[in-house]
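The structure appears right after this line, and notes come after that.
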Amino acid sequence: MENVIVTRGLTKVFGANGNAVYALRGIELEVARGEFVALVGPSGSGKSTLMAIIGCLDSPSAGTYALDGEPVERLSGAALARIRNEKVGFVFQTYNLLPRATVSRNVELPMLYAGIGRKQRRTRALELLEKVGIPEKADRLPSELSGGQRQRVAIARALANSPALLLADEPTGALDSKTGAEVLGLFQQLNRQGHTVLLVTHDPKIAALASRRVELYDGLVLAPEPRAA
Ligand SMILES: Nc1ncnc2c1ncn2[C@@H]1O[C@H](COP(=O)(O)OP(=O)(O)OP(=O)(O)O)[C@@H](O)[C@H]1O
Ligand SMILES: [Mg+2]
247 MENVIVTRGL TKVFGANGNA VYALRGIELE VARGEFVALV GPSGSGKSTL MAIIGCLDSP
307 SAGTYALDGE PVERLSGAAL ARIRNEKVGF VFQTYNLLPR ATVSRNVELP MLYAGIGRKQ
367 RRTRALELLE KVGIPEKADR LPSELSGGQR QRVAIARALA NSPALLLADE PTGALDSKTG
427 AEVLGLFQQL NRQGHTVLLV THDPKIAALA SRRVELYDGL VLAPEPRAA
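Residue numbers (this note's numbering): 247 to 475.
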């Protein structure tokens, strides 16, 4: 399967009747395996709404969505959660780590949901922490880590079940510019290793590092810019 993401006429409406908000108005998007796509657009254009549907956190009001070749637009509840845990790794601006669980336990969590045994979870978590550059933090609590280190834990957790797709919504938004650049470098490295990345950003410098830019405006994808000569 070549495309990790294929959407057709993807629509999302919040509310009903008089106060309906059309957050997405017919998104046509294809992302091929191995791409690094930056999703940009003004505040309120629908970026987070689209990421939630692409990440199987929410379902569309209309339209179709195939994730890694599987139609998922009609799934909800447990079925949607299962495919999310199997196929998507999510990285949020605010890390979303469990504060009372160690770094290793945080990384192990998606593997726990997937039914992987304790020893194997621990081994894989240590490998992933090595990959993101903080193997020595395995038994620390998130509160003992810097912002950049916490985001590295979140990235390791996102990779736990070898997802088809890595999604990140403003992953450097809470970091200073130097730390943000380091975390971004990690996304680039993961992309070079074959991971498909879709990343929301307001920062044109970050968007420039991606292999392709997709621009949303008022719930629609704008036509791609012509390439510079
Ligand atoms: N749960 C919700 N209920 C009602 N309206 C919503 C909901 N979530 C989003 N919206 C509306 O949908 C539109 C798109 O919101 P979304 O959060 O996707 O924008 P965004 O591009 O991520 O913006 P930002 O750059 O500020 O994060 C906005 O008009 C927003 O008010
Ligand atoms: Mg948003």
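Backbone N, C-alpha and C define an ideal beta-carbon position, used for all residues, glycine too.
Practice problem: Give me the Cβ distance between Leu285 and Leu444, rounded to the nearest whole Å; I'm assuming they're in contact under 8 Å. | Solution: If you number the sequence shown from 1, residue 285 lands on position 39. If you number the sequence shown from 1, residue 444 lands on position 198. Right, their Cβ atoms sit about 6 Å apart.
Quiz item: How is the beta strand (DSSP E) around Lys258 delimited, first residue to last?
Solution: Within the sequence shown, the letter at position 12 stands for residue 258. Its beta strand (DSSP E) spans residues Asn249 to Phe260.
Quiz item: Is it true that the stretch 442-456 meets the stretch 273-285, where meeting means three or more beta-carbon pairs spaced less than 8 Å apart?
Solution: yes
Quiz item: Which partner residues does Ala284 have in the DSSP bridge list?
Solution: Position 38 of the sequence shown holds residue 284. In DSSP, Ala284 forms a bridge with Leu445 and Arg459.
Quiz prompt | Bridge partner(s) assigned by DSSP for Val267 | solution = Here residue 267 corresponds to residue number 21 of the sequence shown, with the count starting at 1. Beta-bridge pairing links Val267 to Phe260.
Quiz item: How is the beta strand (DSSP E) around Ala402 delimited, first residue to last?
Solution: Position 156 of the sequence shown, counted from the start, is the residue given in the question as residue 402. Counting along the chain, Ala402 falls outside any beta strand (DSSP E), though it belongs to the alpha helix (DSSP H) covering Gly393 to Leu405.
Quiz prompt | Any 3 or more C-beta pairs closer than 8 Å across the stretch 322-332 and the stretch 297-304 | solution = yes
Quiz item: Residues with a Cβ closer than 5 Å to any heavy atom of ligand 1, in chain order?
Solution: Phe260, Val267, Ala269, Ser289, Gly290, Ser291, Gly292, Lys293, Ser294 and Thr295
Practice problem: Examine ligand 2 and report whether any of its heavy atoms sits within less than 8 Å of the Cβ of Asp464. | Solution: Translated into positions along the sequence shown, residue 464 becomes position 218. No, ligand 2 has no heavy atom inside 8 Å of this Cβ.
Exercise. Return the chain-ordered ranges of every alpha helix (DSSP H) run that is complete within the stretch 343-429 and spans a minimum of 4 residues.
Key: 349-359, 364-377 and 393-405
Exercise. Starting from the C-beta of Thr310, find all residues in its chain whose C-beta is less than 6 Å away, skip the five residues before and the five after it, and write them out in chain order.
Key: Counting from one through the sequence shown, the residue named residue 310 turns up at place 64. Arg254 and Glu319.
Quiz prompt | Any non-hydrogen atom of ligand 2 within 8 Å of Asp415 CB | solution = For the purposes of this step, residue 415 is taken as the residue at position 169 of the sequence shown. For ligand 2, at least one heavy atom lies less than 8 Å from the Cβ of Asp415.
Exercise. Tell whether a beta-carbon distance below 9 Å holds between Ala410 and Val349.
Key: Counting from 1 along the sequence shown, the entry for residue 410 is found at position 164. Counting from 1 along the sequence shown, the entry for residue 349 is found at position 103. Cβ atoms of Ala410 and Val349: not closer than 9 Å.
Quiz item: Excluding sequence positions up to five away, which residues of its chain have a Cβ less than 7 Å from the Cβ of Leu275?
Solution: Sequence index remark: in the sequence shown, residue 275 carries index 29 (1-based). The residues are Ile251, Thr253, Val460 and Val467.
Quiz item: Can at least three beta-carbon pairs, one atom from the stretch 354-374 and one from the stretch 430-440, be found at a separation below 8 Å?
Solution: no
Exercise. Identify the continuous alpha helix (DSSP H) that holds Thr295 and give its terminal residues.
Key: Here residue 295 corresponds to residue number 49 of the sequence shown, with the count starting at 1. Counting along the chain, the alpha helix (DSSP H) containing Thr295 begins and ends at Lys293 to Ile300.
Quiz item: What's the gap between the Cα of Arg368 and the Cα of Arg396?
Solution: The sequence position of residue 368 within the sequence shown is 122, counting from 1. The sequence position of residue 396 within the sequence shown is 150, counting from 1. One C-alpha to the other measures close to 18 Å.
Quiz item: Are the beta-carbon atoms belonging to Ala298 and Leu343 less than 9 Å from one another?
Solution: Locating residue 298 in the sequence shown gives position 52, where the first residue counts as 1. Locating residue 343 in the sequence shown gives position 97, where the first residue counts as 1. Against a cut-off of 9 Å, the Cβ pair of Leu343 and Ala298 comes out as no contact.
Quiz item: Just curious, the beta strand (DSSP E) that Gly476 is in, first and last residue?
Solution: Residue 476 lies beyond the range of the chain shown here (247 to 475); nothing can be said about it.
Quiz item: Below 9 Å between beta carbons: does that hold for Lys447 and Glu416?
Solution: Start at 1 with the first residue of the sequence shown, and residue 447 comes out as number 201. Start at 1 with the first residue of the sequence shown, and residue 416 comes out as number 170. Here residue 447 is Thr; the residue named in the question, Lys, does not match the sequence. Yes; because the gap between Cβ atoms is below 9 Å, this pair is in contact.
Self-check item: Distance between Thr340 and Gly393 (C-alpha atoms, nearest Å)
Solution: Within the sequence shown, numbered from 1, the residue matching residue 393 stands at position 147. Within the sequence shown, numbered from 1, the residue matching residue 340 stands at position 94. The straight-line gap from Cα to Cα measures roughly 9 Å.
Practice problem: Kindly indicate the opening and closing residues of the alpha helix (DSSP H) around Gly323. | Solution: Walking along the sequence shown from the start, residue 323 turns up at place 77. Gly323 to Lys333 is the extent of the alpha helix (DSSP H) around Gly323.
Quiz prompt | For Pro470, the three-state DSSP class (helix, strand or coil) | solution = Locating residue 470 in the sequence shown gives position 224, where the first residue counts as 1. Residue state, collapsed to three classes: coil.
Quiz item: Should Val378 be counted as a contact of ligand 2 given a C-beta to heavy atom distance under 8 Å?
Solution: As a working mapping, residue 378 is identified with position 132 in the sequence shown. Flag unset: Cβ of Val378 not near ligand 2.
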